[in-house]
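Numbering (our numbering), first residue to last: 4 to 436.
For each residue, glycine too, the CB sits at the ideal point set by N, CA and C.
What follows is a single structure, written as structure tokens, with notes after it.
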Ligand code: KE4
């Protein structure tokens with residue numbers, strides 16, 4: 004695979020951008036390679052600046068559930084752009100989008116449009132603290148919720164202890180207001196509530212963890228979070244930035260039947276443009292300025308280009324009504340199930356132990372012969388094999404996420420031929436590990 008233009012582009016970028024990128028994982032540090040510079044994308048394919056074509060399972064880290072550059076979304080953005088990129092004033096498209104999200108998520112009565120998942124989660128935390136009058140929040144080890152200070156926190160000295168800063172620049176005093184407990188472990192969460200009765204404002208969780216690779220909730224886990232929050236007067240915040248509109252039209256809440264008090268959405272909901280959502284019960288959301296006193300604002304919140312892409316994307320997903328929408332998610336399920344089965348067979352045939360976790364069109368292939376149900380399990384997997392597998396697949400024209408702690412995303416643009424080619428490339432790659 005020729006990549007001299009990407010290498011040159013990376014050298015140029017490193018002169019003006021820290022690490023040559025605008026988001027760390029893109030630098031391919033997780034796979035010990037220099038990054039590809041992408042020239043364009045269409046459907047299930049991305050093309051780098053050297054003219055190489057790849058079957059894409061990154062999908063911009065989740066937004067591209069329709070595949071890249073769907074004609075109706077491109078046309079909607081173009082049409083919106085001709086009317087002006089941004090007004091800093093309310094538009095009809097924002098109300099239309101909010102109404103679509105309310106229809107999809109039964110737990111969301113009102114919402115605020117913002118520009119990133121980080122902003123959505125930051126706002127949800129501020130609302131939870133204001134609504135409960137409490138300061139402490141709980142997050143799970145291995146879950147990622149954007150880069151706001153309260154969430155760049157590692158687990159404390161002991162289980163259910165207060166957190167410590169995970170990044171320079173995060174004050175320890177602030178990190179101490181975040182308690183970090185293992186995912187899929189409700190006993191430790193129960194301990195946390197017992198240790199800080201009346202302190203905990205909210206439990207924040209990815210209902211389907213996808214930032215340590217894909218780790219599904221164990222049966223009963225989400226229900227236990229719901230009941231522990233109810234018993235202790237805390238709010239349950241579902242960070243559905245990845246799972247929202249991904250694992251079901253109504254996200255993990257629809258798939259698992261557990262309602263959150265506040266929900267954060269991103270990625271798919273924005274159709275690939277900078278748009279995210281913080282939504283929930285009206286009695287909580289109405290605390291937001293200008294109605295209430297919880298301040299939150301944004302110059303480009305609900306931006307016309309982003310809402311155009313968002314409305315066009317959701318319109319395609321819900322076109323034809325509930326049965327048609329279910330058919331689309333069944334198609335995603337079937338493609339991803341075929342990929343999972345094919346990868347498992349190829350690995351077994353090559354004598355390579357793998358565990359594949361999948362929820363809908365979201366999946367991860369871990370190099371281990373053991374189950375993977377939390378971050379400790381992920382850390383025990385063979386990351387070195389993942390790195391070699393990534394490179395072998397890239398050299399065969401298959402673009403996986405450049406990190407063992409990310410996910411593979413299947414889109415409605417992927418075909419059964421894409422899946423067959425991917426499985427074939429995987430078979431060759433597994434045999435070379
Ligand atoms: P953004 O601020 O990146 O829009 O969203 C933060 C975020 C919040 N919640 C969840 C569950 C997320 O996965 C994310 C961001 N996801 C990462 C990759 N898994 C984005 C890719 C990147 O950081 O470059």
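*Rounded to whole angstroms, how far is the Cβ of residue 63 from the Cβ of residue 37, which I believe are closer than 8 Å?*
In fact, because the Cβ distance is near 20 Å, the residues do not count as touching under 8 Å.
*With DSSP collapsed to three states, give me the class of residue 283.*
strand
_Can you check which of these residues, 124, 311, 154, is closest to residue 84 by C-alpha distance?_
With distances taken between Cα atoms, residue 84 lies closest to 311.
*Please confirm whether any heavy atom of ligand 1 lies closer than 6 Å to the CB of residue 119.*
yes
*asked:* DSSP three-state label for residue 7, please.
replied: helix
*asked:* Whether or not the region 52–60 and the region 292–305 are in contact is what I'm after, with contact meaning three or more pairs of Cβ atoms, one per stretch, closer than 8 Å; do they touch?
replied: no
*Return the bridge partner residues of residue 115 from the DSSP annotation.*
281
*So, helix, strand or coil for residue 40, using DSSP?*
Coil, per DSSP.
*Could you please give the first and the last residue of the uninterrupted beta strand (DSSP E) stretch that includes residue 240?*
Annotation: the continuous beta strand (DSSP E) that includes residue 240 extends over 238–243.
*asked:* Below 8 Å on the Cβ atoms is my contact criterion, and I expect residue 367 with residue 399 to pass it. Report the Cβ-Cβ distance as a whole number of Å.
replied: In fact, because the Cβ distance is near 19 Å, the residues do not count as touching under 8 Å.
*For residue 53, does the three-state DSSP call read helix, strand or coil?*
Under the three-state reduction of DSSP output, residue 53 falls in the coil class, being neither helix nor strand.
*asked:* In whole angstroms, give me the CA-to-CA distance for residue 35 and residue 91.
replied: 43 Å
_Cβ-based neighbour list, residue 112, same chain, cut-off 6 Å, excluding 5 preceding and 5 following_ = 284, 285
*Go to residue 232, then tell me how far its alpha helix (DSSP H) extends in each direction, as first and last residue.*
224–235
_When you measure from the CB of residue 25 to every non-hydrogen atom of ligand 1, does any distance come out below 6 Å?_
no
_Going by beta-carbon coordinates alone, are residue 322 and residue 273 separated by less than 7 Å?_
no
_For residue 115, tell me which candidate among 100, 389, 335 has the shortest Cα-Cα distance._
100
*Rounded distance between the beta-carbons of residue 434 and residue 353, thought under 8 Å*: 5 Å
_Environment of residue 343 [buried if 16+ CB atoms lie within 10 Å]_ = That one is buried.
*asked:* Could you tell me which whole beta strand (DSSP E) segments of length 3 or greater appear in the region 80–141?
replied: 113–117
*Under a three-way DSSP split, which group does residue 62 fall into?*
helix
*Identify, in the order they occur along the chain, each residue of the same chain with its Cβ nearer than 8 Å to the Cβ of residue 388, setting aside the five sequence neighbours on each side.*
The answer, listed in chain order, is 355, 370, 436.
_Buried versus exposed, by CB contacts within 10 Å (16 or more), residue 174_ = exposed
_Tell me whether the region 121–128 and the region 255–271 touch, counting them as touching only if at least three CB pairs, one residue from each stretch, are closer than 8 Å._
yes
*Please look up how many angstroms separate the CB atoms of residue 12 and residue 40, rounded, as I've assumed it's under 8 Å.*
4 Å
*Do you know offhand how far residue 65's Cα is from residue 271's?*
7 Å
*asked:* Quick check on this structure: which residue in 130, 47, 138, 54 has the alpha carbon closest to the alpha carbon of residue 7?
replied: 54
*May I ask whether a heavy atom of ligand 1 can be found less than 6 Å away from the beta carbon of residue 214?*
yes
*asked:* Using DSSP's beta-bridge definition, name the partner residues of residue 291.
replied: 297
_Taking the alpha carbon of residue 118 as the reference point, which residue from 306, 411, 158 has its own alpha carbon closest?_
306
*Excluding the 5 residues preceding and the 5 following residue 383 in the sequence, name in chain order all residues of the same chain whose CB lies nearer than 8 Å to its CB.*
371, 373
*Measure the alpha-carbon distance for residue 170 versus residue 158 and round it to whole angstroms.*
As the crow flies, the alpha-carbon of residue 170 is around 13 Å from that of residue 158.
*Rounded to a whole number of angstroms, what is the C-alpha to C-alpha distance between residue 209 and residue 203?*
About 18 Å.
_Residue burial classification, residue 293 (beta-carbon count within 10 angstroms, cutoff 16)_ = exposed
_Runs of alpha helix (DSSP H) lying entirely within the region 336–418, each at least 4 residues, in chain order_ = 378–382, 386–398
_Going by the DSSP bridge assignment, what does residue 71 pair with across the sheet?_
46
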